[in-house]
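Participant: In our numbering, the protein residues as written are 2 to 453.
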Ligand code: 5AD
Ligand code: SF4
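(1) CB-CB under 6 Å to residue 452, same chain, minus the five flanking residues each way: which ones, in chain order?
(2) Is the beta carbon of residue 161 less than 8 Å from the beta carbon of residue 208?
(3) For residue 452, does the three-state DSSP call read helix, strand or coil?
(4) If residue 112 and residue 166 are in contact, beta carbons under 8 Å, what's the gap, nearest whole angstrom?
(5) Leaving aside the five residues before and after residue 432 along the sequence, list all residues of the same chain whose C-beta is less than 6 Å from its C-beta, in chain order.
(6) For residue 400, does the three-state DSSP call read helix, strand or coil?
(7) Got a sec? Which residues, its chain only, sit under 6 Å from residue 316 by beta carbon, not counting five neighbours each side?
(8) Among 189, 195 and 251, which one has its Cα closest to the Cα of residue 218?
(9) Less than 8 Å between the CB atoms is what I'm expecting for residue 17 and residue 87, so what's the real figure, rounded?
(10) What whole-angstrom Cβ distance do residue 235 and residue 266 have, given they're in contact under 8 Å?
(11) Going by DSSP in three states, residue 177 sits in which element: helix, strand or coil?
(12) Scan the segment 230-264 and note each continuous alpha helix (DSSP H) run of 4 residues or more that stays entirely inside, going in chain order.
(13) Could you tell me if the beta carbon of residue 92 falls within a distance shorter than 7 Å of some heavy atom in ligand 2?
(14) Residue 137 by DSSP, collapsed to three states: which one?
(15) Give the range of the alpha helix (DSSP H) segment to which residue 299 is assigned.
(16) Can you name, in chain order, every residue of its own chain whose Cβ lies under 6 Å from the Cβ of residue 296, other than the five neighbours on each side?
(17) Is the beta carbon of residue 147 closer than 8 Å to that of residue 28?
(18) Among the candidates 280, 272 and 323, whose CA atom is the shortest distance from the CA of residue 478?
(19) Could you spell out where the alpha helix (DSSP H) holding residue 330 opens and where it closes?
(20) Just to confirm, does residue 167 get its C-beta within under 7 Å of one of the non-hydrogen atoms of ligand 1?
(21) Span of the alpha helix (DSSP H) holding residue 22?
(22) Look at the alpha carbon of residue 105 and the alpha carbon of residue 198, and state the distance between them as a whole number of angstroms.
(23) Assign residue 441 to one of two classes, buried (16 or more other C-beta atoms within 10 Å of its C-beta) or exposed (fewer than that).
(24) Alpha carbons only, please: which of 400, 413 and 415 is nearest the one belonging to residue 491?
(25) Between the segment 242-258 and the segment 131-145, do three or more beta carbon pairs fall short of 8 Å?
(26) Under the criterion of a Cβ to heavy atom distance below 7 Å, does residue 49 qualify as lining ligand 2?
(27) Can you tell me which of the three DSSP states residue 63 falls into?
(28) Please look up how many angstroms separate the CB atoms of residue 97 and residue 174, rounded, as I've assumed it's under 8 Å.
(29) Rounded C-beta distance between residue 1 and residue 246? I'm assuming under 8 Å.
(30) In this structure, how does DSSP classify residue 385 when only helix, strand and coil are distinguished?
(31) On the DSSP letters alone, give me the boundaries of the beta strand (DSSP E) that residue 411 sits inside.
(32) Return yes when the C-beta of residue 176 is under 7 Å from any heavy atom of ligand 1, and no when it is not.
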């Protein structure tokens with residue numbers, strides 16, 4: 002393929018953005034774009050942005066300031082660096098972004114990046130006139146994207162099955178930036194999964210902002226749920242492992258819980274955000290469930306799949322959160338025990354109901370609560386990792402490790418695992434004995450019969 006031009010993509014935010022960035026590169030490959038390691042070496046820079054918290058959005062503007070100088074230096078040398086802003090800040094701020102950063106050439110939302118080659122052609126034809134596309138088009142962008150560049154697939158792959166969110170949690174911008182919930186048809190998902198497996202994927206993570214809200218036309222003409230889709234995917238020869246993220250507790254249905262019992266390929270690890278342990282706060286957040294409901298779902302999951310480990314998201318300092326509410330969150334964390342978690346200070350997002358609520362929690366108080374919650378969660382993660390030392394664990398070998406002779410693998414519970422072994426094992430599942438636990442990874446030793 003002709004790689005006469007260079008593309009540099011910078012990504013912030015969630016796994017959906019990481020995946021979208023790869024697909025944007027795929028969309029531009031036919032136009033002759035190969036990868037550049039830095040903006041300085043690139044003809045086109047795409048910043049794939051996140052709007053979920055204020056800090057993430059602000060990082061974009063400081064990076065744009067830096068890139069503007071690169072762009073000016075390029076122009077002074079007689080060249081051109083095209084700057085594109087994609088993702089959720091592009092979607093949410095569109096025109097306002099161009100007013101603040103008029104040197105940006107292209108603004109493209111998460112639903113229209115399949116049009117990038119056309120947008121680029123327009124930007125190239127009219128220097129100084131920014132091109133903006135933040136529509137929610139009727140067409141399915143996946144149907145308009147070229148298949149990923151062959152050979153780019155990895156042992157672990159992402160597959161987007163659902164996008165958007167209709168839940169409207171009071172604090173969250175996602176329903177505004179990513180639009181209404183929509184599910185891809187099962188046939189298209191199965192076809193993409195088969196292709197990923199043919200290219201070497203052994204583990205597929207199904208992606209969606211509300212992935213367990215997925216429901217679609219099945220290949221048998223019936224309406225399928227996520228549980229039924231997982232069953233069909235698990236039957237694909239060569240596919241060893243399945244995951245899905247991010248889920249909403251309300252849609253953790255009984256059939257999905259049963260899937261964790263019945264489908265061996267479905268890994269015993271679930272990211273299930275709860276946000277708070279206080280019923281008052283959950284109500285103010287418009288989560289549509291209380292703490293007892295969450296506890297009940299976890300109990301059912303553990304009954305169906307005793308080895309399952311859990312991960313969650315938490316927000317501290319949501320408007321109206323009192324010390325007692327925060328204590329309820331700590332109590333829930335202590336009771337459930339999480340293998341891993343993300344926690345954030347509440348960040349008011351323009352246009353969301355919570356941003357205008359009275360009773361905003363002072364910043365210093367949010368800091369204090371976050372530090373306390375994170376200390377508790379870190380301790381639980383360390384204990385979870387430590388408990389694996391000395392145990393035999395089946396890992397999926399994903400590639401070479403950081404040191405020569407070492408391989409990198411992934412545990413059933415999503416932990417990175419490192420051990421010395423021959424590269425021939427890449428792409429296989431193998432048993433190892435865990436020898437040491439670190440905060441975010443595990444060290445292991447391969448079992449004798451494989452080491453030869
Ligand atoms: N402030 C802080 N955290 C937020 N999240 C979403 N919106 C906000 C906000 N306004 C967190 C939630 C969500 C995760 C992806 O980001 O915990 O689950
Ligand atoms: Fe945001 Fe709530 Fe939708 Fe998750 S479920 S994306 S937190 S609105």
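A virtual CB, placed ideally from N, CA and C, is assigned to each residue, including glycine.
Values in this document were obtained by computation on a predicted structure and should not be read as measured data.
Facilitator: Per the coordinate set shown:
(1) Low confidence applies to residue 452: its pLDDT is 47, below 50, so where it sits in the model is not reliable, and the reading given next is rough at best. Closer than 6 Å at the Cβ level, and outside the excluded window around residue 452, lies no residue.
(2) yes
(3) Confidence in residue 452 is poor, its pLDDT being 47 and thus under 50, which makes the residue's placement too unreliable to answer from.
(4) With a Cβ gap of about 13 Å, residue 112 and residue 166 do not count as contacting.
(5) 393, 395 and 448
(6) strand
(7) 276, 345 and 347
(8) 189
(9) The Cβ separation is near 12 Å, so there is no contact.
(10) 4 Å
(11) helix
(12) 255-263
(13) no
(14) coil
(15) 292-305
(16) none
(17) yes
(18) With the chain running from 2 to 453 in the structure shown, residue 478 is simply not present.
(19) 324-337
(20) no
(21) 16-29
(22) 38 Å
(23) exposed
(24) In this structure the chain extends from 2 to 453, so residue 491 is not present and cannot be described.
(25) no
(26) no
(27) helix
(28) No, residue 97 and residue 174 are not in contact; Cβ-Cβ is about 14 Å, not under 8 Å.
(29) Because the chain in this structure spans residues 2 to 453, residue 1 falls outside the shown range and cannot be described.
(30) helix
(31) 407-411
(32) no
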